[in-house]
Amino acid sequence: MEIPFDYILISIMINLKNRKVKAEVSKQSLIKIINKIIYNLNVNEKEKLEIINNFDFEYELDTFYNNHIEYFELTSDSIILDDNVSIEDLENILENNDIDELILNEIDSLIESDISVIELMGIKIRKDLYKWLYLSLQEDDKLYRELLFARTEKNNLPEEQTIKQIKKHAFTRRIFFVNLENLDYDSAYDLLLYSDSLITFSTYKVLPFNIQNDMFDERNIYNNPFQKSLFFNDSLVRYLINYKLDYCFNESMGADLNYHKDDYKFYLKYYYLLCEEIETLPEGKLKNELEITKYRLMMILDGMFDNTLFMNKDNSNLEDYKGKYKFNELEAHFFVDEILSYNDKMYEHKDSYVIEYFNIIKKIFVKTYYSLTKDDNIINRIKENKLYGINKTSTKYFDDILSSPRRRIK
Numbered sequence: 011m012e013i014p015f016d017y018i019l020i021s022i023m024i025n026l027k028n029r030k031v032k033a034e035v036s037k038q039s040l041i042k043i044i045n046k047i048i049y050n051l052n053v054n055e056k057e058k059l060e061i062i063n064n065f066d067f068e069y070e071l072d073t074f075y076n077n078h079i080e081y082f083e084l085t086s087d088s089i090i091l092d093d094n095v096s097i098e099d100l101e102n103i104l105e106n107n108d109i110d111e112l113i114l115n116e117i118d119s120l121i122e123s124d125i126s127v128i129e130l131m132g133i134k135i136r137k138d139l140y141k142w143l144y145l146s147l148q149e150d151d152k153l154y155r156e157l158l159f160a161r162t163e164k165n166n167l168p169e170e171q172t173i174k175q176i177k178k179h180a181f182t183r184r185i186f187f188v189n190l191e192n193l194d195y196d197s198a199y200d201l202l203l204y205s206d207s208l209i210t211f212s213t214y215k216v217l218p219f220n221i222q223n224d225m226f227d228e229r230n231i232y233n234n235p236f237q238k239s240l241f242f243n244d245s246l247v248r249y250l251i252n253y254k255l256d257y258c259f260n261e262s263m264g265a266d267l268n269y270h271k272d273d274y275k276f277y278l279k280y281y282y283l284l285c286e287e288i289e290t291l292p293e294g295k296l297k298n299e300l301e302i303t304k305y306r307l308m309m310i311l312d313g314m315f316d317n318t319l320f321m322n323k324d325n326s327n328l329e330d331y332k333g334k335y336k337f338n339e340l341e342a343h344f345f346v347d348e349i350l351s352y353n354d355k356m357y358e359h360k361d362s363y364v365i366e367y368f369n370i371i372k373k374i375f376v377k378t379y380y381s382l383t384k385d386d387n388i389i390n391r392i393k394e395n396k397l398y399g400i401n402k403t404s405t406k407y408f409d410d411i412l413s414s415p416r417r418r419i420k
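Here the numbering used here is used: the first residue of the sequence shown is 11, the next is one more, and so on.
Here's what the structure looks like:
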């Protein structure tokens, strides 16, 4: 296999022309881009090594230039496209090629969407905007914890001062996102790609599940900012930024944002049910952990949707919105089986509060889904589970769901 050098270089130039910037790439950057492409090719290591050994950059570049000398200028450092050459001219060069379509798709994806390749092409990413947003939300992360301690501990932490600081941050971020609308398409998209690149798709050696289900994708738990706030204690800031930037970008493109509204209504309902659950619990470690979770979820809902739950006020205006919660259905069904899989002896260990914590989190998810959909399949799932009534402690988690009125709640 040979590297499609001409295709790579022409594609870079087309991308730069589309961005309305000078179509020029340095030799050093081009070498790094090609190495990145080779590294990402869907071939085995032996084939990659063969490709590298057979690739002669200077020969390929000279051959390319001699074949297209009327379009390009070659200096000691860079190859530059003549300003008068159109995108159509470049596309005509690419018309006749016998390159495998899968390889072309891989190359196109890297050139258009890989943030390191975009930077190698000479594009400046507005990292300063990301940094400002990150520092603002990182400070909020601390402030929401302070608010929690001010309200739950018997100390003199200044609740009003903390609220004032959160309000100030929320106001400046609203201005930030209004100004963000002034970014051109490419700059806004690059910022989103940069945010994507900073998300570490977490994996955990120990997950809070007792059973496995091949149809259940655990990534929905640890790479979703809402669920991450419930199940793990990792920092939420980068996930919140990524979700918010995705929302703003899609909003600017006129995309359908109902799936964001669905998330908002679902997890806002979850938040209120969590608050109710906490009120029923005695003082202790379990209640304390759930309080922390409540404020983590509060920060996500406030930060993402400009709500003011930190002031004990809800300005969501979602009462009449009837969402679609198909995306949550599989998880709700999985959580039913998951909770009922715990036998009574498992609650007798000294650290059983951990099981209780996660089962409450899962129970509230099921309860939220049912309260918003009145999907009787959930009721059937509970009652038809072979462990329902046998694992008595786990069965009790569903008492309030089974006794709730069967009508759709707005």
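C-beta: ideal position from N, C-alpha, C; glycine also.
Residue i in three-state terms, based on DSSP
{"i": "VAL35", "result": "strand"}
{"i": "LYS27", "result": "helix"}
{"i": "THR318", "result": "strand"}
{"i": "LYS384", "result": "coil"}
{"i": "LYS323", "result": "strand"}
{"i": "ALA198", "result": "helix"}
{"i": "GLN237", "result": "helix"}
{"i": "ASP244", "result": "coil"}
{"i": "TYR398", "result": "coil"}
{"i": "MET309", "result": "helix"}
{"i": "ASP16", "result": "helix"}
{"i": "GLU358", "result": "coil"}
{"i": "VAL346", "result": "helix"}
{"i": "VAL53", "result": "coil"}
Through-space distance from residue j to residue i, alpha-carbon basis
{"i": "GLU83", "j": "TYR49", "result": "28 Å"}
{"i": "LYS58", "j": "LEU71", "result": "20 Å"}
{"i": "LYS420", "j": "ASP330", "result": "With a pLDDT of only 42 at LYS420, under the threshold of 50, the placement of this residue in the model should not be trusted; the figure read from the coordinates follows. Distance between the alpha carbons of LYS420 and ASP330 is about 6 Å."}
{"i": "LYS177", "j": "TYR204", "result": "27 Å"}
{"i": "TYR195", "j": "GLU12", "result": "34 Å"}
{"i": "ASN322", "j": "TYR282", "result": "11 Å"}
{"i": "ARG418", "j": "LYS334", "result": "Summary for ARG418: the model assigns pLDDT 47, below 50, so the residue's position carries little reliability, and this model does not support an answer."}
{"i": "SER326", "j": "THR403", "result": "36 Å"}
{"i": "ASN260", "j": "ASP138", "result": "21 Å"}
{"i": "ILE221", "j": "ASP244", "result": "23 Å"}
{"i": "LEU208", "j": "LEU397", "result": "42 Å"}
{"i": "LEU100", "j": "ASP266", "result": "34 Å"}
{"i": "MET309", "j": "ASN52", "result": "40 Å"}
{"i": "ASP108", "j": "PRO14", "result": "10 Å"}
{"i": "GLU34", "j": "LEU311", "result": "44 Å"}
{"i": "GLU293", "j": "LEU350", "result": "26 Å"}
{"i": "SER39", "j": "LYS32", "result": "15 Å"}
{"i": "MET225", "j": "ASP273", "result": "21 Å"}
{"i": "ASP206", "j": "GLU116", "result": "18 Å"}
{"i": "GLU170", "j": "HIS359", "result": "41 Å"}
{"i": "LYS372", "j": "ILE125", "result": "36 Å"}
{"i": "GLU111", "j": "ASP118", "result": "10 Å"}
{"i": "PHE315", "j": "LYS174", "result": "18 Å"}
Per DSSP, cross-strand counterpart(s) of residue i
{"i": "LEU91", "result": "PHE82"}
{"i": "LYS279", "result": "Note: LYS279 sits in no beta bridge, so no partner."}
CB of residue i within 7 Å of CB of residue j, strictly
{"i": "TYR249", "j": "LYS238", "result": "yes"}
{"i": "LEU130", "j": "LYS42", "result": "yes"}
{"i": "LYS46", "j": "VAL127", "result": "yes"}
{"i": "ILE135", "j": "ASP200", "result": "yes"}
{"i": "LEU193", "j": "THR172", "result": "no"}
{"i": "ASP16", "j": "PHE74", "result": "yes"}
{"i": "ILE251", "j": "LEU91", "result": "no"}
{"i": "SER21", "j": "ASP87", "result": "no"}
{"i": "ASN353", "j": "ASN390", "result": "no"}
{"i": "ILE24", "j": "ILE97", "result": "yes"}
{"i": "PHE219", "j": "GLU339", "result": "no"}
{"i": "SER123", "j": "ARG183", "result": "no"}
{"i": "ILE392", "j": "PHE408", "result": "yes"}
8 Å CB neighbourhood of residue i in its chain, flanking five on each side removed
{"i": "ASP324", "result": "LEU278, ASN317 and THR318"}
{"i": "ASN366", "result": "In the sequence as presented, Asn is not what sits at residue 366; that position holds Glu. Answer for GLU366: LEU296 and TYR357, listed in chain order."}
{"i": "ILE374", "result": "TYR280, LEU283, LEU284 and GLU287"}
{"i": "ILE388", "result": "ALA342, HIS343, VAL346, VAL376, TYR379, TYR380 and ILE411"}
{"i": "LYS271", "result": "LEU328, TYR331 and GLY333"}
{"i": "ASP151", "result": "SER245, LEU246, VAL247 and MET309"}
{"i": "LEU291", "result": "LYS297 and LEU300"}
{"i": "ASN54", "result": "none"}
Own chain, CB closer than 6 Å to residue i, minus 5 neighbours either side, in chain order
{"i": "THR383", "result": "TYR335"}
{"i": "TYR305", "result": "TYR154 and LEU158"}
{"i": "PRO235", "result": "LEU246, TYR249, LEU250, TYR253 and ILE310"}
{"i": "LEU307", "result": "SER239 and TYR281"}
Cβ-based neighbour list, residue i, same chain, cut-off 7 Å, excluding 5 preceding and 5 following
{"i": "GLU228", "result": "LEU217"}
{"i": "LEU104", "result": "TYR17 and ILE20"}
{"i": "HIS179", "result": "SER146, GLU149 and ASP150"}
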